[in-house]
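Student: Residues 1 to 148 in the UniProt record's numbering are what the sequence shown lists, from first letter to last.
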Amino acid sequence: MERTYLMVKPDGVQRSLAGEIISRFEKKGFKIIGLKMLQISRAIAEKHYGEHAGKPFFAGLVDFITSGPVVAMVLEGSGVINAAREMMGATNPLKAAPGTIRGSYGIDTGRNIIHGSDSPESAAREISLFFREDELFSYNRDVDRWIY
Ligand code: RTP
Ligand code: MG
Numbered sequence: 001m002e003r004t005y006l007m008v009k010p011d012g013v014q015r016s017l018a019g020e021i022i023s024r025f026e027k028k029g030f031k032i033i034g035l036k037m038l039q040i041s042r043a044i045a046e047k048h049y050g051e052h053a054g055k056p057f058f059a060g061l062v063d064f065i066t067s068g069p070v071v072a073m074v075l076e077g078s079g080v081i082n083a084a085r086e087m088m089g090a091t092n093p094l095k096a097a098p099g100t101i102r103g104s105y106g107i108d109t110g111r112n113i114i115h116g117s118d119s120p121e122s123a124a125r126e127i128s129l130f131f132r133e134d135e136l137f138s139y140n141r142d143v144d145r146w147i148y
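#1: Counting only the same chain and skipping the five closest in sequence on each side, list residues whose C-beta sits under 7 Å from that of A45.
#2: Below 8 Å, can you find three or more Cβ-Cβ pairs linking the region 137-146 to the region 80-89?
#3: Between V74 and L38, which are expected to be in contact by the criterion C-beta below 8 Å, what is the C-beta distance as a whole number of angstroms?
#4: Comparing C-alpha positions only, which one of G19, K36, R15 sits nearest to L136?
#5: Could you name the residues of the same chain whose beta carbon sits closer than 6 Å to that of I33, not counting the 5 residues immediately before and after it, in chain order?
#6: Anyone know if the C-beta pair for I113 and L6 falls short of 8 Å?
#7: Where F130 and A72 are concerned, what is the direct C-alpha to C-alpha distance, given to the nearest angstrom?
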């Protein structure tokens, strides 16, 4: 089964949106296999957002993502990487479709509430950056026969 890394950013935690966001993915049918709150160090933030190093918004992005606790999770399910990106909406919340997470709750690109892996390669990299193997759970849900 496909896996993705999702993270409620510091603004989402401050705005009490963590539960609402987790709930959307649970109701969709995706399985939570890892979940925790943490505050990201600058070193980990710079690794996580390494593809953006050198861009004008990089320093501000690292400042922001390390500014408070985040809620990190790993979700499992068929097509979950792209489906989660669709449910998040466009990077700029003003361009994100109404009903998406960013479209529903955000305004500013630098305060866009949630992160999600954008490819199988980044999902694998980000999952291993934030979760140890023994923090990821393998379990069966009876409801899966009503989802798949
Ligand atoms: P994310 O990685 O956080 O899930 O967001 P994303 O894929 O939708 O967007 P990405 O291009 O990877 O950018 C990472 C984060 O950097 C901030 N950003 N600011 N000012 C700007 O032009 C700009 N562009 C990107 C956003 O907070 C974005 O989520
Ligand atoms: Mg990205």
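Where a beta carbon is used, it is the ideal one built from N, C-alpha and C, also for glycine.
Tutor: In terms of the structure at hand:
#1: V62, I65, T66
#2: no
#3: Incorrect: roughly 13 Å between the Cβ atoms, too far for contact.
#4: K36
#5: V74, E76, L136, F137
#6: no
#7: 8 Å
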